[in-house]
Structure formats: structure tokens, C-alpha cells
Amino acid sequence: MPDSDYDRVRLGIEAMTAYISGNALMTTYMRERRDSDGNLDQVADGATALCALLLNQMAHMTGKSEQEILQEIARGLNRTEQREQ
Numbered sequence: 007m008p009d010s011d012y013d014r015v016r017l018g019i020e021a022m023t024a025y026i027s028g029n030a031l032m033t034t035y036m037r038e039r040r041d042s043d044g045n046l047d048q049v050a051d052g053a054t055a056l057c058a059l060l061l062n063q064m065a066h067m068t069g070k071s072e073q074e075i076l077q078e079i080a081r082g083l084n085r086t087e088q089r090e091q
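Mapping of the sequence shown onto our numbering: position 43 corresponds to residue 49, and the numbering continues sequentially without gaps.
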């Protein structure tokens, strides 16, 4: 695992950049990470650290708690899924 929060968040940014760049780049990135260190735990840890940082920043910007923001996201996803069915 990375030693510092900075390293964890940096790895999360790297992983999410690959993710938003499309399936081909994400597949290549994941293969390279798996080949370099044998597992993908660090990628999941980095993505989690990045999400936690962004959630914390959203809470400070909106004045809502992290839990309130997560609940709003969950409700929004549920509504979207219901409409798509």
C-alpha cells in the first residue's frame, strides 16, 4: 500500500483518469498495475482515498454532512435506475 495519503490520492487520480478515458485505456491500465505489483488492492485503495477526499470537499462546500451527500447520490442513482427500467 502507498505510504502517504498523497500517494493514495495520486494513485486514485491515475486510476480515475484511466477510467474516464474509456474501456480500452482502463483495461490497459489495470493490466499494467496487475503486472507491476501482482494485485489491484492499491488501485481500489487509491480510488477510495480520492472519493473520500472529494466527498469531504463537497461537504465543506455545501455545508452538508458526508452522509447527507452519500444519501443524495444513492437516491439519485435509484431514481435514474427506476426511469431506465
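Just so it is clear, CB atoms sit at the ideal spot from N, CA and C, and this is done for glycine as well.
Next on the checklist: Rounded to whole angstroms, what is the Cα-Cα separation between GLU87 and ARG37?
Outcome noted: 30 Å
Next on the checklist: Between which residues of its own chain and ALA21 is the CB-CB distance below 6 Å, once the five residues before and five after are set aside?
Outcome noted: VAL49, GLY52 and ALA53
Checklist entry - Do three or more CB pairs link the region 55-67 to the region 75-90 at distances below 8 Å? => result yes
Checklist entry - Would DSSP call ASN45 helix, strand or coil? => result coil
Checklist entry - Is DSSP giving GLN63 helix, strand or coil here? => result helix
Next on the checklist: For ALA30 and THR23, what's the separation of their Cα atoms in angstroms?
Outcome noted: 12 Å
Next on the checklist: At the level of alpha carbons, what is the spacing between ARG40 and ASN84?
Outcome noted: 33 Å
Next on the checklist: With H, G and I counted as helix, E and B as strand and the rest as coil, what does DSSP make of GLN88?
Outcome noted: helix
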